[in-house]
Amino acid sequence: MPNTKNEALTINFSKPFEFESKTYESVNLTGLEDVTAAHLSAVEDQVTAIVPELSLEYALLLAAQVTEHPVEFFKSLPGKEGLKVKRVVQSFLNN
1 MPNTKNEALT
11 INFSKPFEFE
21 SKTYESVNLT
31 GLEDVTAAHL
41 SAVEDQVTAI
51 VPELSLEYAL
61 LLAAQVTEHP
71 VEFFKSLPGK
81 EGLKVKRVVQ
91 SFLNN
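Counting from 1, one number per residue, gives the positions in the sequence shown under full-length UniProt numbering.
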């Protein structure tokens, strides 16, 4: 169980992930702590689902908004890791 908010918002990948010639072992989503309505609105404009906050697309777009990574980084993650991002984003927004 994570001990701090930073640990709860850091996703450690089960194996290294390569994106644009750089290898990542984790992604830090602590930018969610500073998410603004403008971030949410920008993501909402890109998503047309009836319940966007429940979609993987919404979670990946929001993760891209609050990190230095483009949405392509998150969309390139292995499925298992992408779903981890979705769970962390949804959990954060629902608390």
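No residue lacks a Cβ here, since even glycine has one placed at the ideal position from N, Cα and C. All of these numbers come straight from a predicted model, not from anything done at the bench.
Please report the straight-line C-alpha distance between residue i and residue j, rounded to a whole angstrom.
i: A8; j: E25; result: 15 Å
i: K86; j: Q46; result: 16 Å
i: G79; j: L56; result: 10 Å
i: F92; j: E81; result: 17 Å
i: P16; j: H69; result: 16 Å
i: N94; j: S21; result: 35 Å
i: A64; j: V71; result: 5 Å
The beta strand (DSSP E) with residue i in it runs from where to where?
i: S76; result: Per DSSP, S76 belongs to no beta strand (DSSP E); it is in the alpha helix (DSSP H), 71 to 76.
From the DSSP output, which residues share a beta bridge with residue i?
i: V18; result: Per the sequence presented here, residue 18 reads as Glu, with Val not at that position. Its beta-bridge partners are T23.
Hey, quick one: how far does the alpha helix (DSSP H) through residue i stretch, first residue to last?
i: E44; result: 37 to 46
i: L32; result: No alpha helix (DSSP H) contains L32, which DSSP labels as neither H nor E.
i: L62; result: 56 to 65
For residue i, name the three-state secondary structure that DSSP assigns.
i: N95; result: coil
Should residue i be labelled buried (16 or more other beta-carbon atoms within 10 Å of its own) or exposed?
i: L32; result: buried
i: L29; result: buried
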